[in-house]
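To start, the structure itself, in structure tokens.
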Amino acid sequence: MKKLIIIICCITALCGCQRSKTVVTQIQSRQDPFIETYYSAQNDSAFKMLKKAIFKELLNGWTADTVKNPIWIYGDFTKYTILNSDLSVNEEFDNYYMCTYIADDDQFGYVILAKEADSLAKIEAVQTAYRYDYQANIEFIHEALAASEIDSASAKAERVSIINDNENKEALKITDAYGHCLLIYFEAEGPILYKSSKPL
Numbered sequence: 280m281k282k283l284i285i286i287i288c289c290i291t292a293l294c295g296c297q298r299s300k301t302v303v304t305q306i307q308s309r310q311d312p313f314i315e316t317y318y319s320a321q322n323d324s325a326f327k328m329l330k331k332a333i334f335k336e337l338l339n340g341w342t343a344d345t346v347k348n349p350i351w352i353y354g355d356f357t358k359y360t361i362l363n364s365d366l367s368v369n370e371e372f373d374n375y376y377m378c379t380y381i382a383d384d385d386q387f388g389y390v391i392l393a394k395e396a397d398s399l400a401k402i403e404a405v406q407t408a409y410r411y412d413y414q415a416n417i418e419f420i421h422e423a424l425a426a427s428e429i430d431s432a433s434a435k436a437e438r439v440s441i442i443n444d445n446e447n448k449e450a451l452k453i454t455d456a457y458g459h460c461l462l463i464y465f466e467a468e469g470p471i472l473y474k475s476s477k478p479l
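Structure follows, in structure tokens:
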């Protein structure tokens, strides 16, 4: 009987710890000053369009050849900005967005979309080793920010793709009003920090 009580207490404590960790993560997310800027595209008409039934079917169709039973994470929807190698915005590629998914067999990925008038078009579907998203990697990002010179009061975060000679580099870019820049590259083995302490 004592053993049973001990086991029940341990399970209860474990569940309590898990709930506490979840609550802490949610609080951290709400307190994060960059959440609003990174996901601001969820106020755009493109996001409203994406959630319509017809586009939900298109999303599944766009990944059907390589992905089984994708679950689309609409909370990850964000603007997708193409940058030149000097980090200036490439104006040729505009109105791009992205949305991530989780699928069977621990598959991850995202689709790049372009808004064209009253429709959405697929630009590319990409498979990844994990979620290329801000909140999915929030602990790593917070550690990087803590060691940086970024001014959180004036900073903004955005999802970018940087044009490279060999292949584009997928990254999260954080900049502030003083010209400081923090780049976190999404590499296959995990996010990698590149810090530029000097204003760009």
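Each position in the sequence shown, counted from 1, maps to that position plus 279 in this note's numbering. Don't be surprised by glycine CBs; every beta carbon is placed ideally from N, CA and C. Bear in mind that the values here come from a model prediction, so they are computed numbers and not experimental data.
Between which residues of its own chain and residue i is the CB-CB distance below 6 Å, once the five residues before and five after are set aside?
i: K281; result: Note that K281 has pLDDT 43, beneath the 50 cutoff, so the model's placement of it is unreliable and the number below is only indicative. For K281, where only same-chain residues beyond five positions count, there are no Cβ hits under 6 Å.
i: P312; result: S431
i: D383; result: K347 and N348
i: A400; result: A393
i: L462; result: A450, K452 and Y473
i: V302; result: The predicted position of V302 is uncertain, since its pLDDT is 34 and thus under 50; a value taken from the coordinates is nonetheless stated next. Taken in chain order, the list of residues that qualify is empty.
i: F419; result: P470
i: A436; result: F313, T316, Y317 and I453
i: T379; result: I352, D355, Y389, R410 and D412
With a CB to CB cut of under 7 Å and the five nearest residues on each side skipped, what residues in its chain are close to residue i?
i: S364; result: I441, I442 and N443
i: I306; result: Only weak support exists for where I306 lies, its pLDDT of 35 falling under 50; the value from the coordinates is given anyway. Contacts found: none.
i: D455; result: I429, D430, S433 and A434
i: A481; result: Outside the displayed range of the chain (280 to 479) lies residue 481, so it cannot be described from this structure.
i: K330; result: Y353
i: A425; result: none
Under the DSSP definition of a beta bridge, which residues are partnered with residue i?
i: S364; result: BP columns for S364 are empty, so no partner.
i: A393; result: Y375 and A400
i: Y464; result: A450 and I471
i: Y409; result: According to DSSP, which records beta bridges pairwise, Y409 is partnered with nothing at all.
i: G458; result: DSSP output for G458 lists no bridge partner at all.
i: Q414; result: Partner(s): none; Q414 has no beta bridge.
Skipping 5 residues on each side, what residues in its chain have a beta carbon closer than 8 Å to that of residue i?
i: E371; result: I361
i: V368; result: T360, I361 and L362
i: K448; result: S440, I441 and Y464
i: N374; result: A325, A393, K394 and E395
i: A423; result: L461, I463, L472 and K474
i: E466; result: none
Assuming residue i and residue j make a contact with CB atoms under 8 Å, what is their CB distance in whole Å?
i: Y413; j: L366; result: Actually they do not touch by this definition, with Cβ atoms about 18 Å apart.
i: T342; j: A404; result: 5 Å
i: L260; j: I402; result: Past the boundaries of the shown model lies residue 260; the chain is included only from 280 to 479, so the question cannot be answered.
Within the chosen definition, does the segment 349-356 reach the segment 316-335 through at least 3 CB pairs nearer than 8 Å? A contact between stretches requires three or more CB pairs, one per stretch, nearer than 8 Å, and the segment 349-356 meets this requirement with the segment 316-335.
Please specify which runs of the alpha helix (DSSP H), each continuous and at least 4 residues long, are wholly inside the segment 416-455, giving them in chain order. Restricted to the segment 416-455, the alpha helix (DSSP H) segments that are unbroken, complete and at least 4 residues in length are 417-425, listed in chain order.
Ignoring anything shorter than 4 residues or poking outside the segment 308-369, list the alpha helix (DSSP H) runs there in chain order. For the segment 308-369, whole alpha helix (DSSP H) runs of length 4 or above, ordered along the chain, are 314-317, 324-329 and 332-341.
Could you tell me whether the segment 335-344 touches the segment 466-475, where touching means 3 or more Cβ pairs closer than 8 Å? no
Please confirm if the segment 381-394 is in contact with the segment 402-415, defined as three or more CB-CB distances below 8 Å between the two stretches. Counting C-beta pairs with one atom in each stretch, the segment 381-394 and the segment 402-415 have three or more that are closer than 8 Å, which means they touch.
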